[in-house]
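J.: Take a look at this one; I'll ask things after.
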Amino acid sequence: MTQLTAGAVRRIAGPMDETRILEIINTGASEAELVEALEWLHADDAIARQVKHQPSARVSDLRDILSRHDIAIDED
C-alpha cells in the first residue's frame, strides 16, 4: 500500500490547508482509503444503511477529519 502524498490528497479531496493534509497523511492511509472515506462522507444515509460492511477504523478516521472541514468530492 502506497502512502498518501500532499499532492494526492489535494487531487482526491480538493484544496485544503497544510495542517489538514498532514493530519490525513499521518493516518497512514492509502489513496483508495481516502477515496472510500469521501464516498462514506457524501453517501446518502439510505445507501449507507444498505452497505453490508462498515468502514475500517482508518477510513472512519479520515471521514471524521474530512467532515470537520466540509471537504467536497472533486469529480474532475
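Residue numbers (the numbering used here): -16 to 59. Idealized CB from N, CA, C, for every residue including glycine.
1. Go ahead and label residue 51 buried or exposed: buried means 16 or more other beta carbons lie within 10 angstroms of its beta carbon, across all protein chains shown.
2. Would the beta-carbon of residue 21 fall within 9 Å of that of residue 46?
3. Short check: CB of residue 8 to CB of residue -12, under 9 Å?
4. So, residue 19 versus residue -8, is the Cβ gap smaller than 9 Å?
5. Could you check whether residue 48 and residue 3 sit closer than 9 Å to each other, using their CB atoms as the reference points?
T.: Judging by the given coordinates:
1. Mapped onto the sequence shown, residue 51 falls at position 68. By the 10 Å Cβ count, residue 51 comes out exposed.
2. As a working mapping, residue 21 is identified with position 38 in the sequence shown. As a working mapping, residue 46 is identified with position 63 in the sequence shown. Taking 9 Å as the Cβ cut-off, residue 21 and residue 46 qualify as a contacting pair.
3. Position 25 of the sequence shown, counted from the start, is the residue given in the question as residue 8. Position 5 of the sequence shown, counted from the start, is the residue given in the question as residue -12. A contact, by the Cβ cut-off of 9 Å.
4. In the sequence shown, residue 19 corresponds to position 36, counting from 1. In the sequence shown, residue -8 corresponds to position 9, counting from 1. Against a cut-off of 9 Å, the Cβ pair of residue -8 and residue 19 comes out as no contact.
5. Looking up residue 3 in the sequence shown gives position 20. Looking up residue 48 in the sequence shown gives position 65. Taking 9 Å as the Cβ cut-off, residue 3 and residue 48 qualify as a contacting pair.
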